[in-house]
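Heads up, the thing below is written out as structure tokens.
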DNA sequence: AGCATTTCTTAACTTAAGTGAACGAGTGGA
DNA sequence: TCCACTCGTTCACTTAAGTTAAGAAATGCT
């Protein structure tokens with residue numbers, strides 16, 4: 009498992025043995041099997057999750073049904089709202105694939121901020137950009153039909169359609185799996 | 009008009025004549041009539057809008073139809089995504105009521121940041137909180153039906169239902185005005 | 001390989017939103 | 001004051017999503 013992490017990291021940076029030791033003693037990188045739950049509803053956490061490899065999803069359980077609201081794949085990350093509100097989480101986070109996830113902590117952030125003030129600027133810019141992106145996504149969702157949302161997803165995130173189960177995709181699009189099947193059949197029908 | 013601004017401000021802080029002059033020379037506060045457009049589609053801007061009194065809305069025009077995606081009332085604000093992406097705006101911003109709006113500029117932010125480093129921390133926290141709120145709202149929208157969204161709106165933003173025209177509310181809920189009428193009739197029917 | 005489980009699709013039926021049109025109430029302007 | 005216009009509601013009809021059920025296909029486990 010450590011080899012997988014090191015192999016992955018070596019694609020990006022060259023590490024001295026000391027640095028490798030330092031990284032593992034930091035206990036920041038984690039390898040999870042597909043299906044592993046990182047956060048459960050009702051649980052309190054101060055952790056943020058950043059995906060290096062694989063894919064994780066956030067979902068609510070409403071009336072016994074899973075409602076997937078977001079996917080985070082390579083180089084994407086989440087800080088659950090409950091981290092900021094200091095309340096139990098409203099949703100679950102779990103891995104849709106075997107994944108390497110960087111897990112960081114509010115306290116860790118504070119330590120880094122104290123050492124490197126420029127890190128704060130980075131975080132502000134990062135979070136402002138995320139906010140803008142999220143706003144655009146939200147607007148796109150509101151102003152389009154399920155079918156348009158699906159067609160849009162094909163354009164913007166073709167990988168998701170391949171790697172994620174249909175029923176999770178469906179709830180991500182705000183519809184039932186049966187409706188997604190039908191909708192896809194409709195699109196293919198129209199093409200031919 | 010300056011009296012209205014001063015009257016409003018005096019509820020919160022006491023100002024010396026010099027400060028009053030300083031405020032107006034800053035040219036930060038603006039009074040707009042209902043219906044005034046602050047930002048047009050295709051326009052470039054570096055401005056953020058913060059509502060002190062009244063209410064503004066953001067909307068797209070898609071196939072000649074207005075699609076309202078957000079309302080900002082007292083003590084709420086927006087930075088349009090186009091400010092960050094440096095591209096022409098995709099949407100309009102206009103006043104749904106006579107409003108007092110604080111308009112600030114990316115450059116102004118930089119100046120303030122340089123003078124007061126703690127201001128950066130404030131901005132980061134503010135934008136992280138906004139991000140969390142937005143995420144919660146987005147999730148709530150995705151996981152609920154138009155009717156649930158309307159019922160939710162009654163709980164969370166009862167003021168909007170009173171002060172905003174139905175057809176804008178409808179598009180904010182992601183439906184047509186006729187559907188909103190029907191939906192409301194359905195709810196009343198069920199109560200009795 | 002064989003069995004159980006999950007996942008995806010199809011179908012028939014129900015429910016709710018979209019569409020186009022008409023009507024009355026309210027609003028603003030000449 | 002009167003006219004035109006906007007706004008909200010209602011109705012009839014269309015379209016698409018929800019629901020329930022069944023079966024085929026893929027997956028996982030032993």
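Protein chains in written order, with the numbering used here: chain A, 9 to 200; chain B, 9 to 200. For each residue, glycine too, the CB sits at the ideal point set by N, CA and C.
{"Query": "Interface partners of residue 142 of chain B on chain A, CB under 8 Å", "Result": "139, 142, 143, 146"}
{"Query": "Helix, strand or coil at residue 63 of chain A [DSSP, three-state]", "Result": "coil"}
{"Query": "Under the three-state DSSP convention, the category residue 110 of chain A falls into", "Result": "strand"}
{"Query": "Contacting positions in the segment 77-102 of chain B - beta carbon closer than 9 Å to chain A", "Result": "77, 78, 86, 87, 88, 89, 90, 91, 92, 93, 98, 99"}
{"Query": "Partner residues on chain B for residue 132 of chain A, Cβ-Cβ distance less than 8 Å", "Result": "128, 131, 132, 135"}
{"Query": "Under 8 Å from the C-beta of residue 68 of chain B: neighbouring residues of chain A", "Result": "147, 151"}
{"Query": "Reduced DSSP secondary structure (H/G/I, E/B, other) of residue 86 of chain B", "Result": "strand"}
{"Query": "Short CB-CB distance (under 7 Å) between residue 75 of chain A and chain B", "Result": "yes"}
{"Query": "With 16 other Cβ atoms within 10 Å as the buried cut-off, status of residue 147 of chain A", "Result": "buried"}
{"Query": "For residue 47 of chain A, the three-state DSSP class (helix, strand or coil)", "Result": "strand"}
{"Query": "C-beta neighbour in chain B for residue 182 of chain A, strict 7 Å", "Result": "yes"}
{"Query": "Terminal residues of the alpha helix (DSSP H) in which residue 164 of chain B lies", "Result": "154-164"}
{"Query": "For residue 96 of chain A, the nearest candidate out of A:165, A:172, A:51, A:143 (CA to CA)", "Result": "A:51"}
{"Query": "Residue(s) in a DSSP beta bridge with residue 119 of chain A", "Result": "DSSP, once it has assigned bridges, lists no residue as partnering residue 119 of chain A."}
{"Query": "Bridge partners - residue 68 of chain B, DSSP secondary structure assignment", "Result": "B:75"}
{"Query": "Option nearest residue 201 of chain A by Cα separation, candidates A:188, A:194, A:53", "Result": "Residue 201 of chain A lies beyond the residue range present for chain A, which begins at 9 and ends at 200; the question has no answer from this structure."}
{"Query": "contact_flag[the segment 190-197 of chain A, the segment 33-44 of chain B] where n(CB pairs < 8 Å) is 3 or more", "Result": "no"}
{"Query": "Residue(s) in a DSSP beta bridge with residue 58 of chain A", "Result": "A:85, A:110"}
{"Query": "Whole-angstrom distance between residue 101 of chain A and residue 163 of chain B, CA atom to CA atom", "Result": "28 Å"}
{"Query": "Counterpart residues of residue 80 of chain B in DSSP-defined beta bridges", "Result": "B:64"}
{"Query": "Residue 43 of chain A burial status per 10 Å Cβ neighbour count (16 or more: buried)", "Result": "exposed"}
{"Query": "Whether residue 62 of chain B touches residue 106 of chain B by CB criterion (7 Å)", "Result": "yes"}
{"Query": "Residue range of the beta strand (DSSP E) that includes residue 102 of chain A", "Result": "100-103"}
{"Query": "Residue 181 of chain B, DSSP secondary structure in three states", "Result": "coil"}
{"Query": "Candidates B:111, B:171, B:150, B:89, of which the one nearest residue 135 of chain A by Cα", "Result": "B:89"}
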